[in-house]
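A.B. asks:
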Amino acid sequence: MEHVFDHVTPYIGYVYPNETDFPWSQLIVIYPYITGLVAGAFVISSLHHVFNIKSFAPISRFALLTALCFMVFAPSPLLFHLGQPTRAFNAVITPHWTSAMAAFGYVAGFYLCLLILEVWFAFRADIVAMSKVRSGIMGKVYGWLSLGSDDVSPRALAIDHKVARILSMIGIPAACGLHGYVGFVFGSLKTREWWSSDLMPVIFLLSAVGSGVGLIIVLYVIVSKFRKTPILDETMRGLLYVMFTGVAVVMVIEGLEMLEMVYKAREGIDTVMALVAGPIWAGMYIQWGMSAFAMLVTSALLVFNTHGKRLVTWLFLSGLAMMIGVLAMRWNVVIGGQELSKTMKGLLTFTPELFGRESLFTVLIITICPYILLVLITKLLPPWNEKIEPDHRVSEVHKLA
Amino acid sequence: MSIPDSKTEEAVALSRRGFLGLLGKGAVCAGAIVGAGSAIGASQVGSGKHAFQQNDQQYAEAVNNPPKIPEYNWNDHQWAMGVDTTRCIGCLRCMEACKMENSVQMDANHHRTWVERYVYLEGSSTALVDSQTDPKNIENSGSETKFRFDNRYRNVKVAKAFFVAKLCNQCEHPSCVQVCPTGATFKSKDGPVLIDTTYCIGCQYCVQACPYGARSFNQSRGTAEKCNWCYHRITKGLNPACVEVCPTGSRIFGDRNDPESPISLFIRNNHVQVLKPEMGNAPNVFYIGLDKEVV
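First to last, the sequence lines map onto chains X and Y. Those letters in the first sequence? Residues 2 to 402, by this note's numbering. Those letters in the second sequence? Residues 381 to 675, by this note's numbering.
1) Under DSSP, the beta strand (DSSP E) around Thr525 of chain Y begins and ends at which residues?
2) Less than 7 Å between the C-beta atoms of Thr506 of chain Y and Asn91 of chain X, yes or no?
3) Between Met201 of chain X and chain Y, is there a C-beta pair that is closer than 7 Å?
4) Tell me the residue span of the alpha helix (DSSP H) that contains Ala123 of chain X.
5) Using a Cβ cut-off of 7 Å (strictly closer), state whether Ile668 of chain Y contacts chain X.
6) Can you round the beta-carbon distance between Ile449 of chain Y and Gln85 of chain X to whole angstroms, since I take them to be within the 8 Å contact cut?
7) Report back the beta-carbon spacing between Asp22 of chain X and His490 of chain Y to the nearest angstrom; my notes put them in contact at under 8 Å.
8) Hey, is Thr363 of chain X's beta-carbon within less than 7 Å of any beta-carbon in chain Y?
9) Using 10 angstroms around the beta-carbon of Met139 of chain X, count the other beta-carbons present and answer buried if the total reaches 16, otherwise exposed.
10) Tell me the rounded alpha-carbon separation between Met102 of chain X and Gly181 of chain X.
11) Which residues, in chain order, does the segment 554 to 567 of chain Y contribute to contact with chain X at a C-beta distance below 7 Å?
12) Quick one: what's got a C-beta closer than 6 Å to Leu28 of chain X's C-beta in the same chain, skipping five residues either side?
13) If you compare alpha carbons, which of X:Gly337, X:Trp385, X:Gly326 is closest to Ser212 of chain X?
14) Need the endpoints of the alpha helix (DSSP H) that Gly284 of chain X sits in, please.
15) Looking at the unbroken alpha helix (DSSP H) that takes in Arg648 of chain Y, where does it start and where does it end?
16) Establish whether the CB of Leu83 of chain X and some CB of chain Y are separated by less than 7 Å.
17) Excluding the 5 residues preceding and the 5 following Gly660 of chain Y in the sequence, name in chain order all residues of the same chain whose CB lies nearer than 7 Å to its CB.
18) List the whole-angstrom C-beta distance separating Ser555 of chain Y from Cys590 of chain Y, where the pair is believed to meet the contact cut-off of C-beta under 8 Å.
19) For the 8 Å Cβ check, are there 3 or more pairs between the segment 369 to 379 of chain X and the segment 62 to 79 of chain X?
20) Please compile the residues from chain X whose C-beta is within a distance smaller than 8 Å of the C-beta of Pro591 of chain Y.
21) Between Ala488 of chain Y and Pro18 of chain X, which are expected to be in contact by the criterion C-beta below 8 Å, what is the C-beta distance as a whole number of angstroms?
22) Could you tell me which chain X residues have their CB closer than 9 Å to the CB of Trp494 of chain Y, listed as they occur along the chain?
23) Can you tell me whether Ala440 of chain Y is helix, strand or coil according to DSSP?
24) For Gly188 of chain X versus Pro174 of chain X, is the C-beta distance shorter than 7 Å?
25) Give a yes or no on whether the minimum CB-CB distance between Thr615 of chain Y and chain X is below 7 Å.
26) Under 7 Å, Cβ to Cβ, is there at least one residue of chain Y near His471 of chain X?
27) Within its chain, find whatever has a CB closer than 6 Å to the CB of His651 of chain Y; leave out the 5 residues flanking it on each side and keep chain order.
28) So what's Asp514 of chain Y in DSSP terms, helix, strand or just coil?
29) Checking contacts by CB at 7 Å: is His308 of chain X closer than that to chain Y?
30) Just list the residues that DSSP pairs Phe633 of chain Y with in beta bridges.
31) Starting from the C-beta of Leu190 of chain X, find all residues in its chain whose C-beta is less than 8 Å away, skip the five residues before and the five after it, and write them out in chain order.
32) Please return the same chain residues whose Cβ sits closer than 7 Å to the Cβ of Arg31 of chain X, not counting the five positions on each side in sequence.
33) How about the segment 629 to 637 of chain Y and the segment 460 to 479 of chain Y: do they share at least three Cβ pairs that are nearer than 8 Å?
34) Determine whether the beta carbon atoms of Val675 of chain Y and Thr344 of chain X lie at a separation below 7 Å.
35) Jot down the residue ranges of each uninterrupted alpha helix (DSSP H) in the segment 137 to 207 of chain X, minimum 4 residues, whole runs only, in chain order.
36) Does Tyr112 of chain X have its Cβ less than 7 Å from a Cβ in chain Y?
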């Protein structure tokens, strides 16, 4: 039958009439996904900057830039989703503080500023060096980027490092806050059984770390292949430890959440089970299958004490699996939560659109943008210590403090 | 100042002549309803998708130059609504009136009010539920703008059946207001939860948060939409459109500050319930005749 309204979501059982216009689409799936990648990448960067874990030194600045690039695009899915995007700043100008969403502008803005500041302090010595080496317009650009601060004496560099370290320290709770907050946006809604869980912020945070580490592993391997530089064994082992811990904890917590829901068996549990077996079954298989794959592989890599090429291959695959698994998890949470009707007597089946403002095409564009920005920004600010100035000025920076 | 209330109107003794006169008026009214029904069909054919949407000019005028009601003081009123499910016959004239009065999107997927049909078949302990949105009902009526339930249970044995009208509950603790990031939606002093459509950013967080599914999203305006008990009418002393057209008096409306208003009497004289009390929203729509299956 032809509908007057174009975006009717088909359903079974009984759902409230207004629910057939699906409120949050696939754009809201990638919003927590992208912020999750930011949080995960930042954690990797901090492991070196704050805790001084040497094995992460080669990738710590790259991870920092990755976090920045993804953070720049984190709000874009929300903007595309708003019915009145030109009024987006109403939430910042006149925030309604009982709303979790009102804090978004502040939380994201603060975190973006923090990332930009940390990047500047982490790269200042390089920027100054580049402004001296490069000529023409790029020399000028680096001159501007240095903001006139061209002191590269050991004392100045030590201050740089110290400030970057403090910013990174602030960044850890901020990253956790940013992502725990995204979990709160969903978990605090009492209306939806699938979201309304106290564990939601924790699950979002932990899976964020899992996907972020996965992203860094994947990018590190790909970039090293392109640059024809060796993939450091020590770094990969470090990433393996973080990955294993992340996957193990997130699988346990997610399992516990599911178990609690099933065990409590409140009214409508039949519909919850029908949701898992119905509209999101593929998503659930991908989420749990990919997590289990990453878990098994990282366990095996630890048990067999794998090194070298085999470690790179398998860790790359489990990193990729984790990225896909967490994306599926975001789908299952965001879309699944809405597919389970508020009546608890019906299920909707959401089908994403291919083209249009809120479509898979938009999602694709938004997802690609951070990678393009990362390519550009690594050209501007090369994060790889070994390629910088002949006198290894920059790699010294972190040893000075 | 006060608003004229139905109770203050002079009671008319129903003489034989008066009764016949009323019958005559009733016939005229019935004719008017039939006329309106066919008008919906005609205008829908004529003007395409949103037959009763205000046009942009009308909307801009309503938003930019809202009518002033100088003698209305919202501190003097506490509006509430009652639904007597035992009287509802599922004629859906309330849905139709609401769509026309408030220029709600004319499709089966956006409503400010709707009616649910609960049917227990013989031998079954759970109810079958449907509403006008059900494709079978639309197929039967032939159009999304003809509000009608189909007769699907005519060949089966029905043990129990009833209708439940739904609308915004104008909660005391509205989840939608709590989650609105801009404060575009707010609780007014006299009860209804209102939306400032010039300030709404269209994030639909309120649509998610409403436990009753009472909110929808107006695609053409990019803002949230909900029942406001016809705020433009009640502030002038009129009843909401759905209450006005209900032929069986199953919707009751009034001011709780007035102990003799229809709603005060309804609440006082009946054992009333609210929907989903466990949500803690403290709804202001009071029901009688609810069933365990009502969602």
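No residue lacks a Cβ here, since even glycine has one placed at the ideal position from N, Cα and C.
C.D. replies: On the basis of the supplied data:
1) Looking at the DSSP string, Thr525 of chain Y is not in any beta strand (DSSP E), and its letter there is neither H nor E.
2) In this structure, Asn91 of chain X does not lie closer than 7 Å to Thr506 of chain Y by Cβ.
3) no
4) 105 to 134
5) Judged by the 7 Å Cβ criterion, Ile668 of chain Y is not in contact with chain X.
6) Rounded, the Cβ-Cβ distance is 27 Å, inconsistent with contact.
7) About 6 Å separates the beta carbon of Asp22 of chain X from that of His490 of chain Y, a gap short enough to meet the 8 Å contact definition.
8) no
9) exposed
10) 13 Å
11) Ser555, Gln558, Val559, Cys560, Pro561, Thr562, Gly563
12) Pro78, Phe81, His82, Glu359
13) X:Gly326
14) 282 to 304
15) Judged by DSSP secondary structure, Arg648 of chain Y falls within the alpha helix (DSSP H) whose first and last residues are 642 to 649.
16) Yes, contact with chain Y.
17) The beta carbon of Gly660 of chain Y lies closer than 7 Å to those of His553 in the same chain, with the five residues before and after it left out.
18) Confirmed, Cβ separation roughly 6 Å.
19) Touching, yes, given that three or more Cβ pairs across the two stretches are closer than 8 Å.
20) Contact of Pro591 of chain Y with chain X by beta-carbon distance below 8 Å involves Lys191, Thr192, Lys343.
21) 7 Å
22) Tyr17, Pro18, Asn19
23) helix
24) With respect to the 7 Å criterion, Gly188 of chain X and Pro174 of chain X are not classified as neighbours on the basis of their beta carbons.
25) no
26) Not covered by the structure: residue 471 of chain X. The range shown for chain X is 2 to 402.
27) none
28) coil
29) no
30) Its beta-bridge partners are Y:Met461.
31) Trp196, Ser197
32) The sequence given here places Ile at residue 31 of chain X; Arg does not occur at that position. So the qualifying residues of the chain are Pro78, Val364, Ile367, Thr368.
33) yes
34) Contact check for Val675 of chain Y against Thr344 of chain X passes: the beta carbons are separated by less than 7 Å.
35) The qualifying runs are 137 to 146, 155 to 188.
36) Not closer than 7 Å to any Cβ of chain Y, the Cβ of Tyr112 of chain X fails to qualify, so no.
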